[in-house]
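Q:
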Amino acid sequence: MKQWLEEKLLQLNVTDEMDEENGFTRLSYTEEEKQAHEAFINVAKELNLDVTQDEAGNLWARWKGVQESAPAIAIGSHLDTVSAGGGYDGAAGVLTGLAAVKVLKDKGFQPEKNIDIVCFASEESARFGVSTVGSKATAGMIDKEELGRVVDADGITIKEAVESYGLSWNSIDQAEKSTEDIESFLELHIEQGTQIEDNKAEIGIVRGVACPVRLQVTVKGMANHTGTTPMNNRADAFVAAAPLVTYVEEQARELNEVQSTPIVATVSTVQLSPNVMNVIPGEVQLGIDIRSVDDELKRSLADQIRNYCETMNQSSRLDVHVHTLVDNDSVYLDSSIQEKLQDITETAGYRAHSMDSGAGHDVMNMAVRWPSGLIFIPCREGISHHPKEHASIEDLNKGTNVLAAYIESTAGEQG
Ligand SMILES: [Zn+2]
């Protein structure tokens, strides 16, 4: 099995060498993503699965069960990457899904229900700033008008990209599946962190996916000459905003000391205007990303930050505005699937660690409509979205075994 995994990992990454200095670049709806999808089709066909491409470019490789009209057990992830990303983010989930089918076919298992191995299109936001397009389409969450206008760095709209991929933008929403089409969805992903390793475990079983609150803070002061404006007569927007950066970090740290649910907050973007060596910064825009699966906790930190900005506003020389860009509820995964995964993992002799996901994945859209689960396998040093991203064949094999056992216990052996 390990040899099969090694071989197919290369095949799905359209390469003969995983150790690529420049990593892998398969942006959304590009020729590179399509090549990886073609590799998926080839592997699925070798396993005698029936592959269909839906209107969003997602691939569904079906192992037909005896009850052909019964809802499917769906398992999958994605094959697109960020620029110069790794060959495991997404690929690990697609590969182990196919591998689980191989394990079960090799041992003569015959499913009662349909099994779908899914390869979602366009999961990463690297090209268009919008993530999980394929799974959003599956879950009926596409707003064609709004999304169609989104452009990449070259000014190509997502609509144009989808059409040059060979799909029709007009029918992208027809990729939607109904509640009756799928019984449950399970995704395997690399952890992109080190919690599994830190807890001396082998498989992470995810309880929820933290969705962010994102704030944009604009501080307006007064741009002026750096050489002629005395220190006591300035309204430097950058100086005014600087303590906010430390405040966000400190408040998040303090909350983690008193709360059991983790929270993270980051001032992740800064724009200075005019950003010129001899001009006092007249305006600063900071972007703040706050995440926790405890929605109340993340919203109360956002309120604290708003209040802090209010106190900054009390200086007559400054004008501070806080704009909420995003405030989504976290997604909780199905508890009975978590229990099942816990049992399966223990039975297989692997140590499981129950945890939350700070990053978004296709499963967060699927979970809105279908009972869904997410498992993590370790990745070396937690490095991801980088050419050094790596998951071992041993860990991919363990993940495969968990997925195979999950299919076995949910898809029902033909009796
Ligand atoms: Zn991913």
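Here the sequence shown stands for residues 2 to 416, where the numbers follow our numbering. Glycine is no exception: its CB is placed at the ideal position from the N, C-alpha and C atoms. Owing to the predicted nature of the structure, the values given are computational and were not obtained by experimental measurement.
Tell me the DSSP secondary structure of Tyr-407 in three-state form.
A: helix
Q: Beta carbon of Asp-90: closer than 7 Å to some heavy atom of ligand 1?
A: Yes, ligand 1 has a heavy atom inside 7 Å of this Cβ.
Q: With contact counted as at least three CB pairs below 8 Å, one residue from each stretch, are the stretch 257-273 and the stretch 283-291 in contact?
A: yes
Q: At 3 residues or longer, and completely inside the stretch 271-329: list those beta strand (DSSP E) runs for me, N to C.
A: 284-292 and 320-328
Q: Assign Gly-416 to buried or exposed, taking buried as 16 or more other Cβ atoms, counted over all protein chains shown, within 10 Å of its Cβ.
A: Unreliable placement is indicated for Gly-416, whose pLDDT of 49 sits below 50; the coordinate value is still reported in the next sentence. With fewer than 16 Cβ atoms within 10 Å of its Cβ, Gly-416 is classed as exposed.
Q: By alpha-carbon positions, which one of Ser-293, Asn-234 and Pro-231 ends up nearest to Arg-254?
A: Ser-293
Q: Candidates Asp-396, Asp-174 and Met-2: which alpha carbon is nearest Glu-147's?
A: Comparing Cα-Cα distances from Glu-147 to each of Asp-396, Asp-174 and Met-2, the minimum goes to Asp-174.
Q: For my contact list, Ser-410 and Asp-90 are in at a C-beta cut-off of 8 Å; report their separation, rounded to the angstrom.
A: With a Cβ gap of about 27 Å, Ser-410 and Asp-90 do not count as contacting.
Q: What are the start and end residues of each continuous alpha helix (DSSP H) run of 4 or more residues lying completely inside the stretch 167-236, in chain order?
A: 196-199
Q: Ordered along the chain, which non-local residues of its own chain (more than five positions away) have a Cβ less than 7 Å from that of Glu-33?
A: Thr-26 and Arg-27
Q: Classify Ser-185: buried if its beta carbon has 16 or more other beta carbons within 10 angstroms, exposed otherwise.
A: buried
Q: Ignoring anything shorter than 3 residues, give me the beta strand (DSSP E) runs that lie fully in the stretch 332-367, in order along the chain.
A: 353-358
Q: Can you list, in chain order, the residues of its chain whose CB lies under 6 Å from that of Gln-425, leaving out five sequence neighbours each side?
A: Any question about residue 425 goes unanswered here, given that the chain covers just 2 to 416.
Q: Hey, would you say the C-beta of His-391 is under 7 Å away from at least one heavy atom of ligand 1?
A: No; taking the cut-off as 7 Å, the Cβ of His-391 has no heavy atom of ligand 1 nearer than that.
Q: Is the beta carbon of Glu-124 within less than 7 Å of some heavy atom of ligand 1?
A: Answer for Glu-124: yes, Cβ within range of ligand 1.
Q: Would you kindly check if the distance between the Cβ of Trp-64 and the Cβ of Ile-183 is under 8 Å?
A: no
Q: Can you grab the Cα-Cα spacing for the pair Leu-245 / Gly-413, in whole Å?
A: 55 Å
Q: Counting Cβ pairs closer than 8 Å, one from the stretch 347-363 and one from the stretch 199-213, do we hit at least three?
A: yes
Q: Just to confirm, are Thr-139 and Ala-93 a CB contact at a threshold of 8 Å?
A: Ala-93 is positioned such that its CB atom lies no closer than 8 Å to that of Thr-139.
Q: Report the three-state DSSP secondary structure of Thr-53 (helix, strand or coil).
A: Reduced to three states, the DSSP call for Thr-53 is strand.
Q: Would you check whether ligand 1 has a heavy atom nearer than 7 Å to the C-beta of His-362?
A: yes
Q: For the stretch 392-410 and the stretch 3-15, state whether three or more C-beta atom pairs, one from each stretch, are separated by less than 8 Å.
A: yes
Q: Alpha carbon to alpha carbon, what distance is there between His-79 and Glu-47?
A: 19 Å
Q: Taking only the alpha-carbon atoms, compute the straight-line gap between Lys-160 and Ala-122 and give it to the nearest angstrom.
A: Near 14 Å, if we compare the C-alpha coordinates of Ala-122 and Lys-160.
Q: Take Val-364 and list the residues in its own chain whose beta-carbon comes closer than 6 Å to its own, dropping the five residues that flank it on each side.
A: Glu-188, Ser-373 and Leu-375
Q: Can His-38 be considered in contact with ligand 1, in the sense that its beta carbon sits closer than 7 Å to one or more heavy atoms?
A: no
Q: Compare the C-alpha of Gly-58 against each of Ser-261, Tyr-30 and Gly-77 and name the closest.
A: Closest by C-alpha distance to Gly-58, out of Ser-261, Tyr-30 and Gly-77, is Tyr-30.
Q: Relative to the C-alpha of Glu-8, which candidate in Ala-85, Leu-99 and Ala-71 has its C-alpha closest?
A: If we check each option's Cα against that of Glu-8, Leu-99 comes out closest.
Q: Nearest-angstrom Cα distance between Glu-390 and Ile-378?
A: 13 Å
Q: Considering only residues of the same chain and omitting the five flanking positions on each side of Lys-106, which have a CB-CB separation below 7 Å?
A: The beta carbon of Lys-106 is closer than 7 Å to those of Leu-48 in its chain, skipping five residues each way along the sequence.
Q: Cα-Cα, which of Ala-40, Ser-337, Val-323 and Asn-234 is closest to Gln-217?
A: Val-323
Q: How big is the Cα-Cα spacing for Ser-419 and Ala-238?
A: Lying outside 2 to 416, the shown extent of the chain, residue 419 is not represented and no answer is given.
Q: Please tell me whether Gly-94 has its Cβ less than 8 Å away from any Cβ of chain B.
A: The structure shown contains no chain B, having only a single protein chain.
Q: With a threshold of 7 Å (Cβ to nearest heavy atom), would His-190 be considered close to ligand 1?
A: yes
Q: Out of Ile-157, Gly-135 and Ala-62, state which residue places its alpha-carbon closest to the alpha-carbon of Asn-115.
A: Ala-62
Q: Cβ of His-79 versus every heavy atom of ligand 1: is any distance shorter than 7 Å?
A: yes
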